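Take a look at the structure set out below.
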Amino acid sequence: MSALEQIRNFSIVAHIDHGKSTLADRIIQLCGGLTSREMKEQVLDSMELERERGITIKAQTVRLEFTAADARTYILNLIDTPGHVDFAYEVNRSLSACEGSLLVVDAAQGVEAQTLANVYQAIDAGHEIVVVLNKVDLPAAEPERVRRQIEDVIGLDASAALAISAKTGEGVGAVLQAIVDQLPPPAGDRAAPLKALLVDSWYDAYLGVVVLVRIVDGQLSKGQKIKLISSDADYLVDRVGVFRPKREEVASLGPGEIGFFTAAIKQVADTRVGDTVTDMRKPCAQPLPGFQPSQPVVFCGFFPLDSSEFEALREAMGRLRLNDASFEFEMETSAALGFGFRCGFLGLLHLEIVRERIEREFSIDLITTAPSVIYHVFRNDGSMLEIHNPVDLPDPVHVDRIEEPWITATILVPDEHLGAVLKLCEDRRGRQMDLTYVGSRAMAVYELPLNEVVFDFYDRLKSISRGYASFDYQLSDYIAEDLVRMSVLVNGEPVDALSIIVHRSRAQARGRAMCEKLKELIPKHLFKIPVQAAIGGKVIARETIGALRKDVTAKCYGGDITRKRKLLEKQKAGKKRMRQFGKVEIPQDAFIAALKMDED
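Pasting the structure below:
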């Protein structure tokens, strides 16, 4: 039996919270990757944020050894992938390094939106799939119902699905045997020139850039001169190793193996995910197809609360970019907020996590502007601009049309909450494409503008369905719509951080809601403050924040009324002058709260 036939590369795909990371823990424990003393929950979720939120953000890999029923020892390379829609990019690249997948489905919850999205990705990657029903120890578990659901919805044969409990370890040994029996070994030629897929890279303070690769053909050894095909840069390999899950150096990696190397690479940006690594002296004939670079879909501005922290923020973002190639930023200035950065993210959770990491790891307080998406603005002369900051929108006179991105959303929801979910989608300008039933749950497919989804759609969906709805989306197309820029003026001054691009039909309601919200959030000053929402020069909504009233007549006891009137007139003139020159301080939380639009 050749060495290749004793290797199995697989990933675990599932919806959020269906037990991927817990199953990975049990597999590591059973294969003796870590002793029981070293073992902790979610051992592959190394980031503090991952452990706190209970989600996987970065895909992780581990090499294990398992002695099967035929007494042979097999090498298992496991890649634990994220389940959240914002990190689908991580899932995509992990799947391309494997031949098979474990599909984990919660035996109580059943098939969810991202179970579908991730399993279809695995099928597209040509994977063999082993179906695993997790959490069978729960009183609410219904393995038979979920088996039928998997067959009806996904179309996979679930008659031989393995019933396990990753928490207690029940049935995990059978999963390892099924990996060996049902998943195919990798193909590859040890004698061919080196060809390896660059799966991931991250920055290590001691080693420089660590590159995770899957060897397709040839061998990668210490001291070898390699070349990265897309950047045409060459390096000398100074370390080769595998994760078990602790880092362990080896002499070389052969076909079908997954491991890491370091080669004094200075920046993560030099190592493009999906690139092909080959031998410098004897390169491979054809590079691997690789995959699409991630495209940011949500943009927002980050500004330091204290403008003196601008340089610290620049450094913090540069360091985050080292480990997260899908995060992009460029410098921008704002009249209200000073110097800051315009940042691009894969989705709202990605935005939230980057913001939290900056505030936590670098202790910088941030002001975040309204998230927006990329709009295609066509001018009258036929040229097209890509705009993601409402402030950059050209004068409407020069604009022929504005196109916005639309998504195809799949929502799985229990029957009793369907009405509320359909109303939410209709309120967000959604177009229903399909509505089918999967047992007692409805599966609605909608086309929605990304702009309407990007802020709090997910939160609203969870609250109206009591947390039972699951949601997944793909970008579909750009469609021309009647869009306008709505500006917010406080005391006659436009606050560019609060400008948003909205559909004309929704502008008035949105403007009124924003003005009412700001009226509550901006503290009173010594003068009246008008808060207005405007499209171009036309004011569409207005609220007035009353003045703080100091009783200037308190010291007048009796006497002539003219004395009091004189003091009141003096106060009135002072307030008028204040309104002309007074500066309105808008607190940081007012920015965020004003942009979170409740649809109550």
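Per numbering that gives the first Met the number 0, residue 0 is the first one in the sequence shown, and the count goes up by one each step. We put the CB at the ideal spot given by N, CA and C, even for glycine. Values in this document were obtained by computation on a predicted structure and should not be read as measured data.
Please name the residue or residues paired with residue i in a DSSP beta bridge.
{"i": "E143", "result": "Per DSSP, none; premise fails for E143."}
{"i": "R628", "result": "No information on residue 628 is available, as it lies outside the stretch 0 to 599 that the chain covers here."}
{"i": "M207", "result": "As written in the sequence, residue 207 is Gly, which differs from the Met given in the question. Partner(s): D203."}
{"i": "N490", "result": "N490 is not bridged to any residue."}
{"i": "T66", "result": "T72"}
{"i": "A162", "result": "L132"}
{"i": "C30", "result": "None, per the DSSP bridge assignment."}
{"i": "R619", "result": "What is shown of the chain runs 0 to 599, which leaves residue 619 out entirely."}
{"i": "S20", "result": "Paired residues: none, contrary to the question."}
{"i": "E402", "result": "H375, A479"}
{"i": "F260", "result": "V210, V239"}
{"i": "R541", "result": "Q531"}
{"i": "M330", "result": "F340"}
{"i": "F302", "result": "I366"}
{"i": "T407", "result": "E446, Q473"}
{"i": "R430", "result": "E446"}
To which residues of the same chain is residue i closer than 6 Å at the C-beta, ignoring the five residues directly before and after it?
{"i": "C555", "result": "R562, K563"}
{"i": "F338", "result": "F309, T332"}
{"i": "F361", "result": "A315"}
{"i": "L312", "result": "P303, I363"}
{"i": "A479", "result": "R400, E402"}
{"i": "R430", "result": "E446"}
{"i": "E329", "result": "R341"}
{"i": "R52", "result": "Here R52 scores only 43 on pLDDT, less than 50, and its place in the model should not be relied on; the value that follows carries that caveat. Nothing listed; no residue qualifies."}
{"i": "V501", "result": "M485, R509"}
Note down, in chain order, each residue of its chain lying with its Cβ closer than 7 Å to the Cβ of residue i, except the 5 sequence neighbours on either side.
{"i": "L175", "result": "I26, L29, F65"}
{"i": "E248", "result": "R238, V239, G240"}
{"i": "I228", "result": "D274, T275, T277, P286"}
{"i": "A441", "result": "V412, D414, L417, L434"}
{"i": "K281", "result": "P192"}
{"i": "F260", "result": "V210, V212, L219, V236, R238, V239"}
Which one of the options has the shortest CA to CA distance from residue i?
{"i": "L517", "options": "Q531, S504, A508", "result": "Q531"}
{"i": "H416", "options": "G466, E127, A408", "result": "G466"}
{"i": "D433", "options": "E451, L411, V453", "result": "L411"}
{"i": "A512", "options": "L137, A284, V487, A250", "result": "V487"}
{"i": "F298", "options": "I386, A441, L319", "result": "I386"}
{"i": "A628", "options": "A173, K166, A165", "result": "Shown here, the chain extends from 0 to 599; a query on residue 628 therefore has no answer."}
{"i": "I6", "options": "H14, L252, V353", "result": "L252"}
{"i": "L350", "options": "L336, S325, Y374", "result": "S325"}
{"i": "S214", "options": "I406, V208, I257", "result": "Correcting the residue identity first, residue 214 is Ile in this sequence and not Ser. Selected option, being the one with the closest Cα: I257."}
{"i": "F377", "options": "R313, L482, D471", "result": "L482"}
{"i": "V420", "options": "V104, V236, L447", "result": "L447"}
{"i": "N490", "options": "I500, K523, H502, Q507", "result": "K523"}
{"i": "V130", "options": "P288, A468, V110", "result": "V110"}
{"i": "L211", "options": "D203, V198, Y202", "result": "V198"}
{"i": "L345", "options": "I544, E358, E327", "result": "E327"}
{"i": "A262", "options": "A112, A23, Y205", "result": "Y205"}
{"i": "S306", "options": "T72, S439, L336", "result": "L336"}
{"i": "Q223", "options": "R246, M279, L115, I521", "result": "M279"}
{"i": "K265", "options": "A250, I534, S200", "result": "S200"}
{"i": "S464", "options": "P288, K422, A70", "result": "K422"}
Starting from the C-beta of residue i, find all residues in its chain whose C-beta is less than 8 Å away, skip the five residues before and the five after it, and write them out in chain order.
{"i": "V118", "result": "V12, S100, L102, I128, I153, L155"}
{"i": "C514", "result": "V487, V530, Q531, A532, A540, R541, E542"}
{"i": "A106", "result": "L132, N133, K134, V135, L137, A140, E141, P142, V145, A162"}
{"i": "D269", "result": "V208, L227, S230, A232"}
{"i": "C283", "result": "A191, P192, L193, K194, D216, G217, T275, T277"}
Would the region 178-195 and the region 97-106 be scored as touching if the rule is three or more Cβ pairs under 8 Å? When Cβ pairs closer than 8 Å are counted between the two stretches, the region 178-195 is seen to touch the region 97-106, the count reaching three or more.
Could you pull out every unbroken beta strand (DSSP E) segment of at least 3 residues lying fully inside the region 265-298, listed in chain order? Listed in chain order, they are 275-278.
Could I get the ranges of all uninterrupted alpha helix (DSSP H) runs contained in the region 467-526, with 4 residues as the minimum, in chain order? 503-520, all fully within the region 467-526.
Runs of alpha helix (DSSP H) wholly within the region 341-398 (minimum 4 residues, chain order): Those alpha helix (DSSP H) runs which fall completely within the region 341-398 and span 4+ residues are 347-360.
Three Cβ pairs or more, each shorter than 8 Å: is that satisfied between the region 212-224 and the region 134-149? Touching, no, given that fewer than three Cβ pairs across the two stretches are closer than 8 Å.
Taking the runs of the alpha helix (DSSP H) that are 4 residues or longer, which of them lie wholly in the region 190-256? Taking only runs of at least 4 residues, no alpha helix (DSSP H) segment lies wholly in the region 190-256.
The region 470-482 in contact with the region 394-409 per 3-pair CB rule at 8 Å: With the cut-off at 8 Å, the region 470-482 and the region 394-409 touch.
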